[in-house]
Each structure stands twice: as structure tokens, then as C-alpha cells.
Amino acid sequence: MSSLLALLIFVAFLAAFGIFIIVGTSALGPKPEVSKAKAMPYESGVVGTEQKDSRMSVKFYLTAILFILFDIEIIFMYPWAITFMDFVKSGQGMYMLGGMGVFVLLFVVGLIWEVKSKALDWN
-13 MSSLLALLIF VAFLAAFGIF IIVGTSALGP KPEVSKAKAM PYESGVVGTE
37 QKDSRMSVKF YLTAILFILF DIEIIFMYPW AITFMDFVKS GQGMYMLGGM
87 GVFVLLFVVG LIWEVKSKAL DWN
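Rendered as C-alpha cells:
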């Protein structure tokens, strides 16, 4: 029960501190003056041509999401590779190799699906 009370006090302290910081900086901080020139987008001195209702291609976002997904999978492999020899010495090498084999299999299946579905085809 005391650990729950400590957690609630900690959460309340964090919330109060966050509110204090937000209110304090808005009350004490400088008020910026926004002129018409500063509010306009800067494009090397050329008047902007993009309209507010213009759309970007979904392919751009799909490529970015797929990159992040596969990049995170590679990041998960690095610590495994670093500690794999420790597991081999402790007798759990085959178990860890099997786990990583399943992970890599899912990685390869995802990559095959990505290529077959032409997710990166820009034409």
C-alpha cells in the first residue's frame, strides 16, 4: 500500500512540476512580436507556390514508416549479436539462435511482402 501511495505522490509531483514549468515560462517569458514578413514562409526570397490544401503522396509516408520499421528491427539485432557468445557459454546458445531465427524469418517475410506488394514502387 505504501508503494502505491509513493507512486501517486510521485505522479502528482510530476504533474504539478509540469504545470508549473508551462505556466511559469508563458507568464515570465518574452512575448514575441509577429510581423507579416516573419509569418510568411521563406523560400530563398521566392514567393511560395504551395497551397494550403495541397496534398503529399501517401507513398512518401509509407516509405518513411517502412524505413523506421526495418531500422528498428536491425537495432534489435545489435544487442543480441553482442551478447550471443555469453549465451553460448551458458548453454543457451541454441535457444537464443532459434529466437533470433524466428525474428529474422519475420523480418524476411516482411521484406518479401514489401517487395511483392510494390510498396516502394514510385511509378
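At position 37 of the sequence shown the residue is numbered 23 (the working numbering), and the sequence of numbers has no breaks.
Positions of the beta carbon are idealized from the N, C-alpha and C atoms, including for glycine.
Predicted, not measured: the structure shown is a model, and the values here were computed from it.
Original post:
By Cβ distance, which residues of its chain are closer than 8 Å to F62, with the 5 residues on each side in sequence left out?
Top reply: A distance below 8 Å between beta-carbons, with the five flanking residues on each side excluded, links F62 to the following residues of its chain, in chain order: F89.
**OP:** To the nearest angstrom, report how far apart S21 and I5 are at their CA atoms.
**Re:** Taking the straight line joining both Cα atoms gives about 30 Å.
Original post:
What's the gap between the Cα of G15 and the Cα of F70?
Top reply: So the alpha carbons of these two residues sit roughly 52 Å apart.
**OP:** On a CA-only basis, which of I68, I(-5) and I58 is nearest L83? Give me that one, please.
**Re:** Ranking I68, I(-5) and I58 by Cα distance to L83 puts I68 first.
Original post:
Do you know how far the Cα of M(-13) is from the Cα of R41?
Top reply: Cα-Cα distance, rounded: 53 Å.
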